[in-house]
Each structure stands twice: as C-alpha cells, then as structure tokens.
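In our numbering, the protein residues as written are 267 to 396.
Shown next, in structure tokens, is the structure this report addresses.
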Amino acid sequence: ALTLGRTTRVQLSPDTPAMRVLIDAWDPATAAWVAQSQLAVPSSMRLCVPDRQFTLGTATPACPLTTGSPRILCFFANGRADLPLDGVCPATSPTSGSGATIYFATNAGDKKYRLVIWGLTGMAKLIDQW
267 ALTLGRTTRV
277 QLSPDTPAMR
287 VLIDAWDPAT
297 AAWVAQSQLA
307 VPSSMRLCVP
317 DRQFTLGTAT
327 PACPLTTGSP
337 RILCFFANGR
347 ADLPLDGVCP
357 ATSPTSGSGA
367 TIYFATNAGD
377 KKYRLVIWGL
387 TGMAKLIDQW
C-alpha cells in the first residue's frame, strides 16, 4: 500500500478445495479493485479466524476458517492496517487502524503460527506459537 500509494486488501478465503490468499489494490482511475497476486495455502496448513486487533498474549482462535465471506485485511497508503467488521476496505486512508492477527496451523495441529499486524504502522511480526 505504501509503495503503490493506494489501499491494498488481503482476502483470506476458505474456498475449497484449497484455502487462498488474494491481494488486490484499489485503482482510483477505474474505481475498482485490481488483482495483484494470489497464492494457495499449502495443503498441509489451514487458516484460522483472524482477530480484529494485534494479539500478543495467549489466543485460542477458531480453526479452520469456515466457508462464507472471506476475511479482508486492509492496508492503507498512510501505513495504517485494519480488519473491518463489514469486510469492506475504504479507498481512502483512515486516521487510525485496528490492526489484526492472522492465525494459521498445520492440519495436524503440531505447529501453530500467528502473524501480528500493528494498526498504526502496518508492521507485521510472525510468531511461532499461539
């Protein structure tokens, strides 16, 4: 988002047969989301329901991420990050951001990871435990 100078959204999608992560950027010229990249979550891993804040302490997320609307994380040109409750990323940068924590684990449950994203800066940190 900072490099492009516009809102970028990351969609955590529980679609079958494989979970996916989709990355789009807002194009003000066309007033539409433009696909940037897509990647499949490895078949040995599963995404869990993200938290709408950065969570550093003990957590027990709901796993796996269930079907329905994908969870959307917004990154803004001013460095903010947010996991909006309504699932919609605004095209303009807000003055604050909630941040988020994305959880994922192996299907066997023997390895668990969290990706903490700070709302003020969009900085991310990978932690190898819940």
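Here a beta-carbon is modelled for each residue, glycine too, at the ideal position from N, C-alpha and C.
Taking one beta carbon from each stretch, the region 326-336 and the region 296-304 have fewer than 3 pairs nearer than 8 angstroms; the two do not touch. Here Ala347 is buried, its C-beta having at least 16 other C-beta atoms within 10 Å. For Asp290, the uninterrupted beta strand (DSSP E) segment begins and ends at Arg286 to Asp293. The three-state secondary structure of Leu381, taken from DSSP, is strand. In its chain, beyond the 5 residues on either side, Pro327, Ala328, Cys329, Pro330, Leu331, Tyr369, Phe370 and Ala371 have a beta carbon closer than 7 angstroms to the beta carbon of Cys314.
Close CB contacts of Thr273 within its chain, under the 8 angstroms cut and outside five residues either way in sequence, are with Ala267, Ala291, Trp292, Cys340, Phe341, Phe342, Ala343, Cys355, Pro356, Ala357, Thr358 and Ser359 (chain order). For the options Lys377, Met389, Gly375 and Asp352, the alpha carbon positioned closest to that of Thr367 is the one of Met389. A residue is called buried once 16 or more other Cβ atoms fall within 10 Å of its Cβ, and Pro308, having fewer, is exposed.
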